[in-house]
């Protein structure tokens, strides 16, 4: 549960996660001490690798990477010395801008799951009173346990839908 609250912290968590991913990807390409910048081809492959990591690590829907044309447009903005190559810090800023919307979608999904599911659970607990057999069992469960069970079920349902 602590990991979920870390994800809700916002900007610091997002930047920490992006920094981990970008450092790993950047170091993958820059293994030669003479070479300290990414070419366009390397940058596009790096973007694909970053999106692959994001799709593995983050809950929520699959996020499609940008097209080559979109990356080509963005490189103009982040290539500070206009040499057609991106250094480490430019790469981090580039990826932060590129993935900004991704984290908003993930955060909204987590908030909905963690706030709406327990609220719905408490509303449905009263509705089960009249159901034979089930109603008595549900009424004996403490509210916190019942809300947790419904929330876990909602998360599992979301994951099943995403995997399909």
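In full-length UniProt numbering, the protein residues as written are 1 to 164.
Glycine residues also receive a C-beta, built at the ideal position from the N, C-alpha and C atoms.
Per DSSP, residue 36 lies in no alpha helix (DSSP H) segment and is marked neither H nor E. Nearest neighbour of residue 26 by Cα position, chosen from 93, 62 and 123, turns out to be 93. In the DSSP assignment, the residues bridged to residue 86 are 38. For the set 88, 150, 87 and 145, the Cα lying nearest the Cα of residue 116 is the one of 150. Taking a contact to require three or more Cβ pairs closer than 8 angstroms, the segment 117-126 and the segment 80-95 do not qualify as touching.
The beta-carbon separation of residue 135 and residue 128, rounded to 5 angstroms, stays under the 8 angstroms limit for a contact.
The Cβ atoms of residue 52 and residue 63 lie no closer than 8 angstroms to each other.
For residue 124, the enclosing alpha helix (DSSP H) has its first and last residue at 117-127.
The beta carbons of residue 95 and residue 45 sit about 13 angstroms from each other, so the pair does not count as a contact at 8 angstroms. The DSSP-derived three-state label of residue 79 is coil.
If you draw a straight line from the Cα of residue 22 to the Cα of residue 50, it is about 7 angstroms long.
Here residue 36 is not near residue 83, since their CB atoms are 8 angstroms or more apart.
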